[in-house]
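Quick notes on the structure that follows.
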Amino acid sequence: MPSQARPVFLDLTKISLPVNALVSILHRVTGVLLILSIPLVLWLFGRSLADPGGFAQAVDVLRHPIGLFLLLVWLWLLMHHFFVGIRFLLVEIGIGETREGGRQTAWSALIAGVVAAVLLWVMFL
Numbered sequence: 007m008p009s010q011a012r013p014v015f016l017d018l019t020k021i022s023l024p025v026n027a028l029v030s031i032l033h034r035v036t037g038v039l040l041i042l043s044i045p046l047v048l049w050l051f052g053r054s055l056a057d058p059g060g061f062a063q064a065v066d067v068l069r070h071p072i073g074l075f076l077l078l079v080w081l082w083l084l085m086h087h088f089f090v091g092i093r094f095l096l097v098e099i100g101i102g103e104t105r106e107g108g109r110q111t112a113w114s115a116l117i118a119g120v121v122a123a124v125l126l127w128v129m130f131l
């Protein structure tokens, strides 16, 4: 077997992906993580509606430092998924299909997701 026909091991940590690819991968990852977070969100929602004590318990969970951090992460997941989803819808109708347009909309979606998540998180504080 010639050496040129051997399979190539691709080290994904050394490959420089364009921002469009990173945004697409993150969109899929955030979607999966949002689906996996549904039980926790439903539990918190159910506790908050059960009775005043349950509401206080849900607030305590979200006010704990770990809860605040998880809330920030969850808000980023949600906002990133939302803005990149809007970006993909715009690409479907022909907006941002060029290389430069795709790069600009990808960066815009990334920045908008972070800014929106931080603003919402500050509102919860």
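Under my numbering, residues 7 to 131 are what the sequence shown spells out, in order.
Beta carbons: idealized from backbone N, C-alpha and C, even for Gly.
Does residue i pass the burial test, meaning 16 or more other C-beta atoms within 10 Å, or should it be called exposed?
i: W80; result: buried
i: A11; result: exposed
Look at the alpha carbon of residue i and the alpha carbon of residue j, and state the distance between them as a whole number of angstroms.
i: G37; j: D57; result: 31 Å
i: I21; j: Q63; result: 46 Å
i: R34; j: L131; result: 29 Å
i: D66; j: S43; result: 18 Å
i: V14; j: S30; result: 24 Å
i: S114; j: L16; result: 30 Å
i: G91; j: V124; result: 19 Å
i: V120; j: M129; result: 14 Å
i: W49; j: G60; result: 10 Å
Write down the C-beta distance between residue i and residue j rounded to the nearest angstrom, noting that I regard them as a contact closer than 8 Å.
i: L77; j: L68; result: 6 Å
i: L83; j: L28; result: So it is not a contact: roughly 15 Å between Cβ atoms.
i: L96; j: T111; result: 7 Å
How far does the alpha helix (DSSP H) with residue i in it extend, from its first residue to its last?
i: F130; result: R105 to F130
* Asked: At which residue ranges does the region 26-94 contain complete alpha helix (DSSP H) runs of 4 or more residues, listed in the order of the chain?
  -> 58-69
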